[in-house]
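These notes concern the structure reproduced below.
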Amino acid sequence: MTATVDDTGDTGHTGCTGTAGDRASRSAARRWARRTVQPVLCLVAVGGALAYVHLADVSESEKRSLGVPHLLMLLRQHMEISLAATVLTCAIAIPLGVALTRGRFRRFATPIITVSGFGQAAPAIGLIALGAVLFGIGAVGAVAALTVYGALPIIANTVTGLNGVDDRLIEAARGMGMPTSTTLLRVELPLALPVIIAGVRTALVLIVGTAALASFTGAGGLGQLITTGIKLQQTVTLIVGAVLVAALALFIDWLARMVEVVAAPKGL
Numbered sequence: 001m002t003a004t005v006d007d008t009g010d011t012g013h014t015g016c017t018g019t020a021g022d023r024a025s026r027s028a029a030r031r032w033a034r035r036t037v038q039p040v041l042c043l044v045a046v047g048g049a050l051a052y053v054h055l056a057d058v059s060e061s062e063k064r065s066l067g068v069p070h071l072l073m074l075l076r077q078h079m080e081i082s083l084a085a086t087v088l089t090c091a092i093a094i095p096l097g098v099a100l101t102r103g104r105f106r107r108f109a110t111p112i113i114t115v116s117g118f119g120q121a122a123p124a125i126g127l128i129a130l131g132a133v134l135f136g137i138g139a140v141g142a143v144a145a146l147t148v149y150g151a152l153p154i155i156a157n158t159v160t161g162l163n164g165v166d167d168r169l170i171e172a173a174r175g176m177g178m179p180t181s182t183t184l185l186r187v188e189l190p191l192a193l194p195v196i197i198a199g200v201r202t203a204l205v206l207i208v209g210t211a212a213l214a215s216f217t218g219a220g221g222l223g224q225l226i227t228t229g230i231k232l233q234q235t236v237t238l239i240v241g242a243v244l245v246a247a248l249a250l251f252i253d254w255l256a257r258m259v260e261v262v263a264a265p266k267g268l
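First residue of the sequence shown? That's 1 in full-length UniProt numbering, and the numbers climb one at a time after it.
Structure follows, in structure tokens:
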């Protein structure tokens with residue numbers, strides 16, 4: 001009888017272990033799929049667009065404008081505008097968001113977040129046109145307009161993340177003798193980092209997608225393919241430009257999500 005009970009118990013334990021292992025394997029497979037499907041789809045879209053150029057009946061000028069060297073140049077321009085606007089937005093919005101959670105500035109948080117929301121409420125093409133009027137034709141006006149356009153998610157998430165830190169942790173840090181600045185840098189910001197990075201990710205994707213409109217004010221970028229396709233009624237150029245802009249925005253979204261996962265403090 002003892003042997004039978006032991007065998008049964010071992011069998012049950014092995015079955016539970018196997019079930020837990022299967023669940024872990026399935027969960028890991030789902031995570032892997034979520035992390036790889038999006039970039040693979042982006043690569044497929046880009047490859048399909050390039051293949052479409054070779055298969056479609058296009059003129060020699062269209063082939064040159066859709067050639068890989070020219071597309072890489074437009075991609076470089078697009079990323080320069082997008083990254084410059086994102087860095088400038090972070091440099092302005094994160095310190096502003098931190099300030100809005102400190103002392104007497106707290107009462108200005110709601111009005112400033114509301115005002116920063118005007119950037120997204122206004123039509124993007126209108127902002128870019130206004131940037132061109134204020135700063136001139138070219139990349140500078142586009143970067144200024146995109147900075148305004150991407151400010152809201154970063155300011156709002158910075159305020160939300162810092163306000164969401166448990167007050168008991170802040171009091172404990174101050175009880176250990178940490179000054180206010182050290183508490184902010186070593187306790188509050190690390191805990192709020194996932195929320196702040198989520199705001200940066202949202203702003204980055206918005207900026208990359210909207211940067212396609214910068215071509216209307218002479219700033220270049222992949223949007224130039226779209227404007228050329230519309231002006232010259234070149235359907236192939238228009239389709240390829242739209243596909244490339246969408247694929248770039250999706251790829252940047254995936255890349256920012258991976259950074260968000262890596263940068264999240266362990267244990268949160």
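Note that CB positions come from ideal geometry on N, CA and C, so glycine has one too.
Cα-Cα separation between phenylalanine 216 and threonine 227, rounded to whole angstroms: 7 angstroms
Answer with buried or exposed for threonine 36, where buried requires no fewer than 16 other C-beta atoms within 10 angstroms of its C-beta. exposed
Taking just the CA atoms, how far does histidine 78 sit from proline 111? 33 angstroms
Pick out whichever of Arg174, Val68 and Arg76 has its Cα sitting closest to the Cα of histidine 54. Val68
Can you name the start and end residues of the alpha helix (DSSP H) that glutamate 171 belongs to? 167-175
Among Gly221, Val262, Ile230 and Glu260, nearest to valine 245 - alpha-carbon criterion: Gly221
Please report how far the alpha carbon of alanine 142 lies from the alpha carbon of glycine 131, in whole angstroms. Those two C-alpha atoms are separated by around 6 angstroms.
Are valine 200 and glutamate 62 closer than 8 angstroms when you measure CB to CB? no
Runs of 4 residues minimum, wholly inside the region 151-236: which ones carry the alpha helix (DSSP H) assignment? 151-163, 167-175, 180-183, 189-210 and 223-231
Could you have a look at leucine 244 and say whether DSSP puts it in helix, strand or coil? helix
List the whole-angstrom C-beta distance separating threonine 86 from glycine 150, where the pair is believed to meet the contact cut-off of C-beta under 8 angstroms. 7 angstroms
Where does tryptophan 32 land, buried or exposed, given buried means 16+ other C-beta within 10 angstroms? exposed
Rounded to whole angstroms, what is the Cα-Cα separation between glutamine 234 and glycine 117? 36 angstroms
Report, in whole angstroms, the separation of the C-beta atoms of isoleucine 197 and alanine 263, which I expect to be a contact under 8 angstroms. 6 angstroms
Between Arg30, Met73 and Ala45, which lies nearest to glycine 223 when the distance is taken from Cα to Cα? Met73
Spatial neighbours of alanine 144 in its chain, beta-carbon cut-off 6 angstroms, leaving aside the 5 residues before and after: Excluding positions up to five away in sequence, the list reads Gly131 and Phe135.
Whole angstroms are fine: how far does the CA of aspartate 166 sit from the CA of alanine 192? When rounded, the distance between both Cα atoms is 10 angstroms.
Could you give the residue range of the alpha helix (DSSP H) that holds proline 69? 68-99
Three-way DSSP call (helix, strand, coil) for valine 39 in this model: Per the sequence shown, residue 39 should be read as proline rather than valine. The answer is helix: DSSP assigns proline 39 an H, G or I state.
From which residue to which residue does the alpha helix (DSSP H) around isoleucine 113 run? 109-116
Other residues of its chain near aspartate 253: CB distance less than 6 angstroms, five sequence neighbours each side excluded: Val205
Spatial neighbours of isoleucine 125 within its chain, please: C-beta separation below 8 angstroms, excluding the five flanking residues on both sides. Leu213 and Phe216, listed in sequence order.
Do you know how far the Cα of valine 187 is from the Cα of alanine 249? 33 angstroms
CB contact flag (threonine 240, alanine 49, <8 angstroms): For clarity, residue 240 is valine in the given sequence; the question names threonine instead. Yes, these two residues count as a Cβ contact at 8 angstroms.
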